[in-house]
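Just so you know, the sequences run in chain order Z and L. So the first sequence is numbered by my numbering: it starts at 6 and just counts up by one. So the second sequence is numbered by my numbering: it starts at 64 and just counts up by one. In what follows, a single structure is set out as structure tokens and then discussed.
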Amino acid sequence: MHTLITGGGSGIGRATALRLAKRSRISIADKSGANAQAVANEIRASGGKADAYEVDVLDGAAVRTVVAKADAVEPIDALFNNAGISVRTEIADISGAEWDLMLDTHARGMFFVAQAVLRNMVPRKKGAIVQTSSDFAVMGVPGMAAYCAAKCAIYSLTKALSLEFVQDGIRVNAIGPGPIDTPILASNRTEAEYRDAVARNETRVPMGRLGKPDEVAAVVDFLLSERASYINGQLIHPNGGTVMW
Amino acid sequence: MSSSNGAIVVTGAGSGIGREITRLLLDQGTPVSAWDINLGDLEGHNSPNLMVRRLDTRDKAALDKAAAETVERFGAIAGAATCAGIFRPKPFLELTQQDWDDHFGINLRGVLFTCQSVLPYMRERKKGSLVMFSSTLARSSKPRTGHYAATKGGVLGLMRVMALETAKEGIRVNAISPGIADTPMPNAVYESGTMADRAKANPMGRIGTANDMAQTALFLLSDEASFVTGQDFRVNGGQDPF
Numbered sequence: 006m007h008t009l010i011t012g013g014g015s016g017i018g019r020a021t022a023l024r025l026a027k028r029s030r031i032s033i034a035d036k037s038g039a040n041a042q043a044v045a046n047e048i049r050a051s052g053g054k055a056d057a058y059e060v061d062v063l064d065g066a067a068v069r070t071v072v073a074k075a076d077a078v079e080p081i082d083a084l085f086n087n088a089g090i091s092v093r094t095e096i097a098d099i100s101g102a103e104w105d106l107m108l109d110t111h112a113r114g115m116f117f118v119a120q121a122v123l124r125n126m127v128p129r130k131k132g133a134i135v136q137t138s139s140d141f142a143v144m145g146v147p148g149m150a151a152y153c154a155a156k157c158a159i160y161s162l163t164k165a166l167s168l169e170f171v172q173d174g175i176r177v178n179a180i181g182p183g184p185i186d187t188p189i190l191a192s193n194r195t196e197a198e199y200r201d202a203v204a205r206n207e208t209r210v211p212m213g214r215l216g217k218p219d220e221v222a223a224v225v226d227f228l229l230s231e232r233a234s235y236i237n238g239q240l241i242h243p244n245g246g247t248v249m250w
Numbered sequence: 064m065s066s067s068n069g070a071i072v073v074t075g076a077g078s079g080i081g082r083e084i085t086r087l088l089l090d091q092g093t094p095v096s097a098w099d100i101n102l103g104d105l106e107g108h109n110s111p112n113l114m115v116r117r118l119d120t121r122d123k124a125a126l127d128k129a130a131a132e133t134v135e136r137f138g139a140i141a142g143a144a145t146c147a148g149i150f151r152p153k154p155f156l157e158l159t160q161q162d163w164d165d166h167f168g169i170n171l172r173g174v175l176f177t178c179q180s181v182l183p184y185m186r187e188r189k190k191g192s193l194v195m196f197s198s199t200l201a202r203s204s205k206p207r208t209g210h211y212a213a214t215k216g217g218v219l220g221l222m223r224v225m226a227l228e229t230a231k232e233g234i235r236v237n238a239i240s241p242g243i244a245d246t247p248m249p250n251a252v253y254e255s256g257t258m259a260d261r262a263k264a265n266p267m268g269r270i271g272t273a274n275d276m277a278q279t280a281l282f283l284l285s286d287e288a289s290f291v292t293g294q295d296f297r298v299n300g301g302q303d304p305f
């Protein structure tokens, strides 16, 4: 098994890389080459097989090059399409550039990665894909309009891909994590703001706590495995009960 | 899951999905308390990791007794999968009160009673996982299934509220909504041609299996799903994305 993980250098991507390394070769792609390399080194140190690739998913040509390189090492039969960013801006203040960055990173970025990987997977008639959407795909959150729209786009992309490639033996699902204690939660926040965000989420989540990256990784692991061979086109929420629908 | 963590209660354990969950749990060494009105090949089949009780899930006293006996035998109840259910399709205008009461009694009230029988033991340990069975019919409709669909929609409502009420106590509650699966329940009421048509209509070109559903149930019962609660897993090959 060979799994490609985008955004694999930190947070949920990193936790999934470390978890899946027990049963899969891992290719870690990340905008930060240093972070990707650190995760690859960690996997190799515990006896696993891993390679690191520095790539920005906004760059379609670069994505195709990385996928070709990784696939040549060993055919990629699992993809965790996960790279993402978070910015909090009131709708009135969202600039065109900010909107584009949010939508392009999530929707167009995942499209580029999925397309490049699927071109190789389809002739092999086998594969599984999980894409990182969010609770916010199905709930409105003030100050997060662009992020909500981007994450819902990923869910729609997931449903379409799941039907388009099902006859090729490829399953496509999405995860919708709730509040998880990852670097994204701390990004663009002071230490005090971060602590405040944690406290607010602890109140909001029925389980009364934030999730850990490995608790999301366990769900991705399940969805990519044969145990989930009849689960397709779904949005699965490791969210502590934040959204139920 | 190991035996020191307690047993899993499985209702409807005598056939179909419940029987497959029982098999998988026993295979991995997890103790099972298997309950059914018709135990099938489990009848009289007690082994160190298996306790069987013949009971009707409409009988609250019998459920409470079986739960107490399970704790006595295995030390604790780690979780429950409520698979007991009936499915007798009928045109809406021909439905009798008996049809309605049978379906609601087993498919919904039976689930409530089963959960009530095991929850106190889970609360004591601040740990547990409940897996209920809804159906793809709770969301997407087929003729002649109004009464059944209503019970399965009810399961989703019950599941969510129970998840909220127990979330801070270390207890997780989730549901599985199977698409039509190759189990005795639909096979008893549908012609083989109907089953074949359903397979053709599915994006994956096949109907589900008891194993498909049981694998998801085992995932939800395990600590792998430690941040998953209040969710409905639609195991249907992609036929009904909602």
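Don't be surprised by glycine CBs; every beta carbon is placed ideally from N, CA and C.
Discussion item. Taking the alpha carbon of L:Glu-135 as the reference point, which residue from L:Asn-170, L:Tyr-184, L:Gly-301 has its own alpha carbon closest?
Written reply: In the second sequence, counting from the first residue as 1, residue 135 of chain L sits at position 72. Of the listed residues, the one whose Cα sits closest to L:Glu-135 is L:Tyr-184.
Worksheet item: Going by Cα to Cα distance, which pick from L:Ala-213, L:Trp-98, L:Lys-190, L:Ser-203 is closest to L:Arg-121?
Response: Position 58 of the second sequence holds residue 121 of chain L. Ranking L:Ala-213, L:Trp-98, L:Lys-190, L:Ser-203 by Cα distance to L:Arg-121 puts L:Trp-98 first.
Worksheet item: Cα separation between Z:Ile-33 and Z:Lys-74?
Response: In the first sequence, the residue the question calls residue 33 of chain Z occupies position 28. In the first sequence, the residue the question calls residue 74 of chain Z occupies position 69. Cα-Cα distance, rounded: 12 Å.
Worksheet entry | DSSP state of Z:Trp-250 mapped onto helix, strand, coil | Stepping through the first sequence from its first residue, residue 250 of chain Z is reached at position 245. DSSP places Z:Trp-250 in coil when its eight states are reduced to three.
Item to complete: Residues of the region 204-220 of chain Z with a CB closer than 7 Å to any CB of chain L: list them in chain order, please.
Response: Pro-211, Met-212, Gly-213, Gly-216, Glu-220
Discussion item. Bridge partners for L:Ser-96 per DSSP, in chain order?
Written reply: Position 33 of the second sequence holds residue 96 of chain L. DSSP, once it has assigned bridges, lists L:Val-72, L:Met-114 as partnering L:Ser-96.
Discussion item. Count Cβ pairs between the region 73-93 of chain Z and the region 7-21 of chain Z that sit closer than 8 Å; are there 3 or more?
Written reply: yes
Discussion item. Cutting at 6 Å between CB atoms, please list the residues of its own chain near L:Thr-214, excluding the five before and the five after it.
Written reply: Within the second sequence, residue 214 of chain L is the residue found at index 151, counting from 1. Here the set comprises His-166, Phe-167, Asn-170, Leu-171.
Worksheet item: Which residues in chain L sit within 9 Å of Z:Val-224, going by Cβ to Cβ distance?
Response: Taking the first residue of the first sequence as position 1, residue 224 of chain Z is located at position 219. Within 9 Å Cβ-Cβ: Phe-282, Glu-287, Ala-288, Phe-290, Val-291.
Worksheet entry | For Z:Glu-231, the nearest candidate out of Z:Val-177, Z:Arg-214, Z:Leu-215 (CA to CA) | Start at 1 with the first residue of the first sequence, and residue 231 of chain Z comes out as number 226. Among Z:Val-177, Z:Arg-214, Z:Leu-215, the Cα nearest to that of Z:Glu-231 is on Z:Val-177.
Worksheet item: Who are the near neighbours of L:Phe-296 in its chain, counting only those whose CB is closer than 8 Å to its CB and skipping five residues on each side?
Response: Indexing the second sequence from 1 puts residue 296 of chain L at position 233. Within the same chain, L:Phe-296 has close Cβ partners Asn-237, Ala-238, Ile-239, Ser-240, Thr-279, Leu-283.
Item to complete: Name, in chain order, the residues that DSSP records as bridge partners for L:Pro-266.
Response: Here residue 266 of chain L refers to the residue found at position 203 of the second sequence. Answer is none; L:Pro-266 lacks a bridge partner.
Practice prompt. Mind listing the chain L neighbours of Z:Pro-243? Cutoff is C-beta to C-beta under 9 Å, in chain order.
Written response: Residue numbering aside, residue 243 of chain Z sits at position 238 when the first sequence is read from its first letter. By Cβ distance, chain L contributes Ala-288, Ser-289, Phe-290, Val-291, Gln-294.
Item to complete: Identify the contact partners of L:Ala-230 in chain Z, using a Cβ-Cβ distance below 9 Å as the criterion.
Response: Here residue 230 of chain L refers to the residue found at position 167 of the second sequence. Correct list: Val-210, Pro-211, Met-212, Gly-213, Gly-245, Gly-246.
Fill in: Closer than 8 Å to chain L by CB, Z:Phe-141
Within the first sequence, the letter at position 136 stands for residue 141 of chain Z. Not closer than 8 Å to any Cβ of chain L, the Cβ of Z:Phe-141 fails to qualify, so no.
Fill in: Distance, L:Lys-128 Cα to L:Phe-137 Cα
As a first step, residue 137 of chain L is located in the second sequence; it is residue number 74 there, counting from the start. As a first step, residue 128 of chain L is located in the second sequence; it is residue number 65 there, counting from the start. So the two alpha carbons sit approximately 14 Å from each other.
Fill in: Closer than 8 Å to chain Z by CB, L:Asp-275
Within the second sequence, residue 275 of chain L is the residue found at index 212, counting from 1. Yes, contact with chain Z.
Worksheet item: Quick one: what's got a C-beta closer than 6 Å to Z:Thr-247's C-beta in the same chain, skipping five residues either side?
Response: Within the first sequence, the letter at position 242 stands for residue 247 of chain Z. Counting only Cβ-Cβ distances below 6 Å, and skipping sequence neighbours, we find Asp-140, Gly-183, Val-210.
Practice prompt. Keeping to the same chain, check which residues put their C-beta closer than 8 Å to that of Z:Trp-250; ignore five residues upstream and five downstream.
Written response: In the first sequence, residue 250 of chain Z corresponds to position 245, counting from 1. Counting only Cβ-Cβ distances below 8 Å, and skipping sequence neighbours, we find Val-143.
Fill in: Assigned secondary structure, Z:Ser-139 (DSSP; H/G/I helix, E/B strand, else coil)
Residue 139 of chain Z sits at position 134 when you count from the first residue of the first sequence. Coil.
Worksheet item: Using a beta-carbon distance below 8 Å, is L:Ser-78 in contact with chain Z?
Response: On the second sequence, residue 78 of chain L is found 15 positions in, with the first residue counted as 1. Not closer than 8 Å to any Cβ of chain Z, the Cβ of L:Ser-78 fails to qualify, so no.
Discussion item. Looking at chain Z, is there any beta carbon in it that lies within less than 8 Å of the beta carbon of L:Met-248?
Written reply: In the second sequence, residue 248 of chain L corresponds to position 185, counting from 1. Not an interface residue.
Worksheet item: Distance, Cα to Cα, L:Gly-271 vs L:Asn-112?
Response: Residue numbering aside, residue 271 of chain L sits at position 208 when the second sequence is read from its first letter. Residue numbering aside, residue 112 of chain L sits at position 49 when the second sequence is read from its first letter. Rounded to whole angstroms, L:Gly-271 to L:Asn-112 spans 28 Å at the Cα level.
Discussion item. Quick test of the definition: if touching needs 3 or more C-beta pairs under 8 Å, does the region 203-223 of chain L touch the region 257-265 of chain L?
Written reply: no
Practice prompt. Sort Z:Gly-174, Z:Ala-20, Z:Gly-181, Z:Val-171 by Cα distance to Z:Ala-158 and report the nearest one.
Written response: Within the first sequence, residue 158 of chain Z is the residue found at index 153, counting from 1. Nearest of Z:Gly-174, Z:Ala-20, Z:Gly-181, Z:Val-171 to Z:Ala-158, Cα basis: Z:Gly-181.
Worksheet item: Nearest-angstrom Cα distance between L:Thr-74 and L:Cys-146?
Response: For the purposes of this step, residue 74 of chain L is taken as the residue at position 11 of the second sequence. For the purposes of this step, residue 146 of chain L is taken as the residue at position 83 of the second sequence. Their Cα atoms are separated by approximately 5 Å.
Worksheet item: Can you list, in chain order, the residues of the region 177-189 of chain L whose Cβ is nearer than 8 Å to any Cβ on chain Z?
Response: none
Discussion item. Using DSSP's beta-bridge definition, name the partner residues of L:Thr-145.
Written reply: In the second sequence, counting from the first residue as 1, residue 145 of chain L sits at position 82. L:Thr-74, L:Met-195.
Discussion item. Looking at chain Z, is there any beta carbon in it that lies within less than 8 Å of the beta carbon of L:Arg-297?
Written reply: For the purposes of this step, residue 297 of chain L is taken as the residue at position 234 of the second sequence. Cβ-Cβ to chain Z under 8 Å: yes for L:Arg-297.
Discussion item. In the DSSP output, which residue or residues are listed as bridge partners for Z:Tyr-58?
Written reply: Locating residue 58 of chain Z in the first sequence gives position 53, counting from the first residue. Per DSSP, Z:Ala-34.
Item to complete: Would you mind reading off the limits of the beta strand (DSSP E) that contains Z:Phe-85?
Response: Taking the first residue of the first sequence as 1, we reach residue 85 of chain Z at position 80. Start and end: 83-86.
Item to complete: Return the residues of the region 158-178 of chain Z that lie within a Cβ-Cβ distance of less than 7 Å from chain L, sorted by chain order.
Response: Lys-164, Ser-167, Leu-168, Val-171
Worksheet item: Out of curiosity, what's the CA-to-CA distance linking L:Gly-293 and Z:Glu-47?
Response: Translated into positions along the second sequence, residue 293 of chain L becomes position 230. Translated into positions along the first sequence, residue 47 of chain Z becomes position 42. Rounded to the nearest angstrom, the two C-alpha atoms are 35 Å apart.
Discussion item. Can you tell me whether L:Glu-83 is buried or exposed? The criterion is at least 16 other CB atoms within 10 Å of its CB, across all chains shown.
Written reply: As a working note, residue 83 of chain L is residue 20 in the second sequence. Buried is the call here.
Worksheet item: Quick one: is L:Leu-201 near chain Z, going by C-beta distance under 8 Å?
Response: Residue numbering aside, residue 201 of chain L sits at position 138 when the second sequence is read from its first letter. Leu is not the amino acid found at residue 201 of chain L; the sequence shown has Ala there. So, not an interface residue.
Practice prompt. Express the C-alpha separation of Z:Thr-110 and Z:Leu-123 in angstroms, rounding to a whole number.
Written response: By 1-based counting over the first sequence, the position of residue 123 of chain Z is 118. By 1-based counting over the first sequence, the position of residue 110 of chain Z is 105. Their Cα atoms are separated by approximately 19 Å.
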